[in-house]
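Protein chains in written order, with our numbering: chain A, 1083 to 1334; chain B, 10 to 317; chain C, 6 to 352. Notes follow once the structure below has been shown.
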Amino acid sequence: MIDFEDVTVRLSGHTILDGIDLHVDRGGWACLIGPNGAGKTTVLRSAIGGIPFTGRIRIGGEKINRIDPSRIAYVSQRPAIPEGMSISEYVRLGRFPFGTPRTDHRGAKIVSELLEELNLDSIERQSVSSLSGGEFQRCVIARALVQEAPVLLLDEPTSALDLHRQIAVLDVIDRRRRDGLTVLSTMHDITLAGMYSDKFVVMDHGRVVVEGAPHEVANGVDLMRTFGGGIDVLKNLDGLPVVFPRRETPNT
Amino acid sequence: MCSRLKKTIAVGAAVGIALASLTIASASAKTTKPFPVKIKTVLGVVTIKSAPKAIISLSPTATEVLFAIGAGKQVLAVDDQSNYPAKAPHSKLSGYTPNLEAIAGMHPDLVVDSNDNQGGVVISTGLAKFKIQTIEQPSADKLSDTYSQIVALGAATGHSKEASKLVISMKKRIAAAIASVKNKSKALTYFHELDPTPYSATSNTFIGRVYSAFGLKNIADAAAGADKSGYPQITNEYLVAANPDLIFLSDAQYGESADTVKARPGFSGLKAVQNNDVIALPADYPSRWGPRIADFYEFIAQVIKKIG
Amino acid sequence: MVNQSAIPHRSEIFSDRLRARLAPIIAVVLLIAALLLAVALGPVQLDMGKTAHTLLGLRGGLVGTDRTILLDLRLPRVVLAALVGAALAASGSAYQAVFRNPLADPYLLGVAAGAGLGATIAFIGRDPGVTPSVPIFAFVGGVVAVAATLMIAGRRSNDPPTILLAGIAFGAFATAIQTYLQQRNSAVLRPVYSWILGQLNGAGWSAVIDVAPYILLSLLALHLLSRRMDALLLSDDEARSLGVHPARLRMMVIIVATLATSTAVAASGLIGFVGIVIPHLIRSLTHQATSRAISTIAVAGAAFLVLADLGGRTIVAPAELPIGVITAFVGAPFFLFVLRTRGRGLV
């Protein structure tokens, strides 16, 4: 569904992406992993047309400059917080590609369903500029989901959410994979990423270092090397990898 | 006679003659010697010790006065706005943005201005540092101010006689102009336009008083409350409704004319427009208060005479 | 979890949908009322019955000077006030959306400074027989200012803060030139000053005809663009994923809003506050996002300026009070009020 072929991005003399090849199947969830500055956000931004690149990016087989960009929903790492808008108005913005409320018959229903799913319905009249970080992040995800796009790009979607909400929100997204939603995300929490994605893509300095199934990559040597050896990998009760940073203790 | 008595008489006579001649001398000094002279100005009393020979005028009106009273030869330079008389020695000096160093650099012995305090610069105080005297003659409020200013400049330059003559002749001409149209002018209304927005001058201004001397009625007086200094902006609606007999354009020098007035919305039906009584005023008249004000009175008399 | 709906809410009284539907209707009603009032009142009292007859084209209407006053002076002035008010309010609202800045006003990109400079040049160039057209010079000045601003912003003219700074820079430059010219030509001080305060006094039908097509076209364009302007409230990447071209849209909105503002300024000088107070007021009353309410904002702006102009003609009659003074007097307290209610965090 998502195909990157030899994608290179150069900005003011620096090479940010260097020949990226990437493939995500329909209904799949690939997660970009790597240190800061590896180019993960740039991969997402180039898919949405925000950055000039060389190479080819295809969505559903079509080049991205040919398709309707609203077929790609995007959750930014630092979304803009508009003034003077209520939560329901903000989430409704996601229905923009479907026209005015008059032409978009399903819109109201979709929006209210999603507000409920993400527990925003009780505060839907509140202004988005007055929300906590976590509440606003849920709004952004809601807005992306009401767009009903077949591809979802997520840049650090759970950074402001508490442990429970992280799972709740990612579950909402995961459910939609059954209807064919394809997800490409970046996440610093590798453990959490491993619970949902079916492919890890490890990046460093603008290149793909290794890719594969989460438990393989997590236990692999390349991940360790990318993070400079400073991580520990264990298994949780479900056999999923648990990755956390190692701290050198002065003595035992 | 004994020699002692002769001596006493001689000394007494000598003292007497000396005293007498001193008295006579001082008496004649009062009547014949024009300097030193004390001039009362807005800034206080200015004592002029001797006839100034290098006068700088920063006021177009003062320039006109100086030349009209025969002091032209004593004028060193006039400001950039002084355009009358043409023979006045022009310079780039400005009365609005005065450059003290430039003024002092020309070594005048007297400076006449109309706007002494420019906010940031006080000309008289600044020039005092160069030991140059300044006489301020601000814009006149009424005709008598004009006369006093002419007399003052006459005394300051040693031309008191000519100054008095000028004042007398002006008074005569003005009285004659007013008398020549006495009956006609009392019934007429007028509007004096400063710019097309339209700003006007009420009867409570110098120029307004000129018209009032003829008995003309100013339609802008109804708006007098709007501006304390007498220059309100009035609405076009009111102007059209008031329908003045005469419209005087002091903005003719900026392109306004009977034709432009006629073209304004709603103005084509006005009395003044239809009877060709929209009068373009020559430049300078409305903003000066010098000797040529007598010309202005005569001009208005002519206009009134022509009204059908 | 705290039940947030326990917080008392003003909008419970009228639901948002209801407000959104009622708002345009109320605005139109207000405009009609303002127009009627403005035509009926003025420094010269006109007979009401005859006025109505004249307007409806019936016999028994006003004659002579009164008729001239109504049809050639008062009516075009009222219409012009409505057009200018609509243009300023709508373009103010558009700029606020494009720059994501609730303090943006129509004069932001140097339009005021450019138009003022143009007008000053026109006033200076007056000579017997030569009267350069102040409106045309002002219009050109305004448009040149925005073009210069965009050029200064250069490659980064996609970035709202950059454009704003460029606008401030150019505005300062143009104002400096204007001040210099005024100092050298002190005779133009008063006409320029009164032009800056805003002026509808000399308006006739020709002014209305000159101005109406541009303003109406711009208003229509802004209305059509308004839905897409909502997307500009998000970051550029997010807007792209909604199917909008942020840079292109921004440029289009700026061009249309500048056209509307420059035309308004050419017709009536610099009238302030309309472009900033009316959008805020309507938004806080209708709880609608910036761009949705743009038509309501335009109509409200028209009504506001018609009433302000009525004040300008009547408060110190028969003298004229510059309209910029009235909009400031009314606008400033309104602005304070809106600022205070914003702080509560409710929309």
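Every residue gets a Cβ at the ideal spot worked out from N, C-alpha and C, and that includes glycine.
Item	Value
Please confirm whether Asn126 (chain B) has its beta-carbon closer than 8 Å to some beta-carbon of chain C.	no
From Thr106 (chain B) to Gln90 (chain B), what distance separates their C-alpha atoms?	12 Å
Between Thr1264 (chain A) and chain C, is any beta-carbon pair separated by less than 8 Å?	no
Report the neighbours of Ala232 (chain B) on chain C: residues whose CB is nearer than 7 Å to its CB, in chain order.	Pro323, Ala324
Tell me the residue span of the beta strand (DSSP E) that contains Tyr1156 (chain A).	1154-1157
Can you give me the Cβ contacts of Ala313 (chain C) inside the same chain, cut-off strictly under 6 Å, excluding the 5 residues immediately before and after it?	Ile328, Ile331, Thr332
Does the beta carbon of Asp215 (chain C) come closer than 8 Å to any beta carbon on chain B?	no
With DSSP collapsed to three states, give me the class of Pro1323 (chain A).	strand
What does the alpha-carbon distance come out to for the pair Leu1040 (chain A) and Tyr1156 (chain A)?	With chain A running from 1083 to 1334 in the structure shown, residue 1040 (chain A) is simply not present.
Could you run through the segment 60-90 of chain C and flag, in chain order, every residue whose CB is less than 7 Å away from some CB of chain B?	Thr70, Thr73, Ile74, Asp77, Leu78, Arg79, Pro81
Judging by CA-CA distance, which residue of C:Ala262, C:Leu230, C:Val321, C:Tyr185 is the nearest neighbour of His219 (chain C)?	Checking the displayed sequence, the identity of residue 219 (chain C) turns out to be Tyr instead of His. Of C:Ala262, C:Leu230, C:Val321, C:Tyr185, the residue nearest in Cα terms is C:Ala262.
Between Pro140 (chain C) and chain E, is the shortest Cβ-Cβ distance under 8 Å, so that the two count as touching?	Here chain E cannot be found, since the structure's protein chains are A, B and C.
Ignore the nearest five residues each way along the sequence and tell me which others in Ser267 (chain C)'s own chain have a CB closer than 7 Å to its CB.	Val116, Ala120, Phe144, Gly147, Val148
Using only the alpha-carbon positions, how far apart do Arg1225 (chain A) and Arg1259 (chain A) sit?	17 Å
Excluding five sequence neighbours on each side, which residues of the same chain lie with their C-beta closer than 7 Å to the C-beta of Lys315 (chain B)?	none
Since Ile157 (chain C) and Phe175 (chain C) should fall inside the 8 Å C-beta cutoff, what is the C-beta to C-beta distance between them, to a whole number of angstroms?	6 Å
Using a beta-carbon distance below 8 Å, is Leu344 (chain C) in contact with chain B?	no
I'd like to know if the segment 1119-1130 of chain A and the segment 241-248 of chain C are in contact, where contact means that at least 3 CB-CB pairs between them fall below 8 Å.	yes
Report the neighbours of Asp132 (chain C) on chain B: residues whose CB is nearer than 9 Å to its CB, in chain order.	Gln262, Tyr263, Gly264
Expressed to the nearest angstrom, what Euclidean distance is found between the alpha-carbon atoms of Gln87 (chain B) and Ile287 (chain C)?	Contrary to the premise, residue 87 (chain B) reads as Val rather than Gln in this sequence. Looking at the two C-alpha atoms, the distance is approximately 60 Å.
Measuring CA to CA, which of C:Leu225, C:Ile302, C:Val193, C:Gly317 is closest to Gly130 (chain C)?	C:Val193
Is Ser1168 (chain A) closer than 8 Å to Ala1231 (chain A) when the C-beta atoms are compared?	no
So with CB distances below 7 Å, who are the chain B contacts of Val49 (chain C)?	Glu246, Tyr247, Ala250
Would you mind listing the alpha helix (DSSP H) stretches within the segment 96-147 of chain B that are 4+ residues and don't spill past its ends, in chain order?	109-114, 132-137
Taking only the alpha-carbon atoms, compute the straight-line gap between Tyr6 (chain B) and Val49 (chain C) and give it to the nearest angstrom.	A query on residue 6 (chain B) cannot be resolved here, the shown segment of chain B reaching from 10 to 317 and no further.
Residues of chain B with CB closer than 9 Å to the CB of Gln188 (chain C), please, in chain order.	Tyr105, Thr106
Write down the C-beta distance between Ile1115 (chain A) and Ala1275 (chain A) rounded to the nearest angstrom, noting that I regard them as a contact closer than 8 Å.	7 Å
Please classify Ala214 (chain C) as buried or exposed, where buried requires at least 16 other C-beta atoms within 10 Å of its C-beta.	A small fix is needed here, since residue 214 (chain C) is Ile in this sequence, not Ala. Its Cβ having fewer than 16 others within 10 Å, Ile214 (chain C) is exposed.
Residues in the same chain with beta-carbon distance under 6 Å from Glu313 (chain B), minus the five sequence neighbours each way, listed in chain order, please.	According to the sequence provided, residue 313 (chain B) is Ile. The question's Glu does not apply to it. Val190, Lys193, Ser194.
Would you say Val279 (chain C) and Gly316 (chain C) are within 8 Å of each other, going by their C-beta atoms?	no
Please name the residue, chosen from B:Val51, B:Gly53, B:Pro61, that lies closest to Pro43 (chain B) on a Cα-to-Cα basis.	B:Pro61
Against chain C, which members of the segment 277-294 of chain B pass a CB distance test of less than 9 Å?	Ser277, Gly278, Leu279, Ala289, Ala292
Once you ignore the five residues that flank Val270 (chain C) on each side, which residues in its own chain have a CB closer than 6 Å to its CB?	Ala120, Ala143, Gly147
For the candidate residues A:Tyr1278, A:Leu1099, A:Leu1104, whose alpha-carbon lies nearest to that of Val1292 (chain A)?	A:Leu1104
Could you give the first and the last residue of the continuous alpha helix (DSSP H) run that contains Met53 (chain C)?	53-60
Give me the DSSP bridge partner(s) of Lys1317 (chain A).	A:Pro1323
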